[in-house]
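Peer 1: Residue numbers (my numbering): 130 to 299.
1) Could you name the residues of the same chain whose beta carbon sits closer than 8 Å to that of residue 174, not counting the 5 residues immediately before and after it, in chain order?
2) Tell me residue 200's beta-bridge partners as DSSP assigns them.
3) When the cut-off is 9 Å and only beta carbons count, does residue 137 lie next to chain C?
4) Considering only their Cβ atoms, is the gap separating residue 219 from residue 247 smaller than 9 Å?
5) In three-state terms, what does DSSP make of residue 247?
6) Residue 161 and residue 139: beta carbons closer than 9 Å?
7) Tell whether a beta-carbon distance below 9 Å holds between residue 214 and residue 230.
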């Protein structure tokens, strides 16, 4: 496809989502982007791996911290704004989702914040059950109903389906 990876933009710093970032960055030259609220988790990647019986190497430095509303695009001037950052703390302090209206239907890359008929767990270090609900209600359920939600685990869903049938949000 002749694509060059330039940026690794992370939803949060749990090892199953970010554990190979150093390796990928070293192979591609891509920069690493993460919300500052998850720095402590990022620094502890090797320990996170041990907790789940996985080997995760030491991380390299974060190149840039994500901010609410930060936009990402491509070099192509036709696609200047591709993703918009939504800071959605709760699963972790620095959890972020990424929203785009580039496709025929809007899409949300939700990481571990919102799942099909569920939400991200909040019982791990830095998690906050009340805050994840607030983040989802204030930032995600206000997106267009037809928005396709691509979660970090499990199947796709839509915002209107979660408003209607997610037991954590009803």
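Glycine included, C-beta positions come from ideal geometry on N, C-alpha and C.
Peer 2: Here's the rundown:
1) Translated into positions along the chain shown, residue 174 becomes position 45. If you ignore the 5 residues before and after residue 174, its C-beta comes within less than 8 Å of the C-beta of 142, 144, 147, 148, 185, 186, 187, 188, all in its own chain and listed in chain order.
2) Translated into positions along the chain shown, residue 200 becomes position 71. By DSSP's assignment, residue 200 forms a beta bridge with 213.
3) This model lacks chain C altogether, as it is built from one protein chain only.
4) Start at 1 with the first residue of the chain shown, and residue 247 comes out as number 118. Start at 1 with the first residue of the chain shown, and residue 219 comes out as number 90. No, the pair does not count as a contact, with Cβ atoms beyond the cut-off.
5) On the chain shown, position 118 is the one that residue 247 refers to. DSSP places residue 247 in strand when its eight states are reduced to three.
6) Sequence index remark: in the chain shown, residue 161 carries index 32 (1-based). Sequence index remark: in the chain shown, residue 139 carries index 10 (1-based). Against a cut-off of 9 Å, the Cβ pair of residue 139 and residue 161 comes out as a contact.
7) Locating residue 214 in the chain shown gives position 85, where the first residue counts as 1. Locating residue 230 in the chain shown gives position 101, where the first residue counts as 1. With respect to residue 230, residue 214 sits apart: the two C-beta atoms are not nearer than 9 Å.
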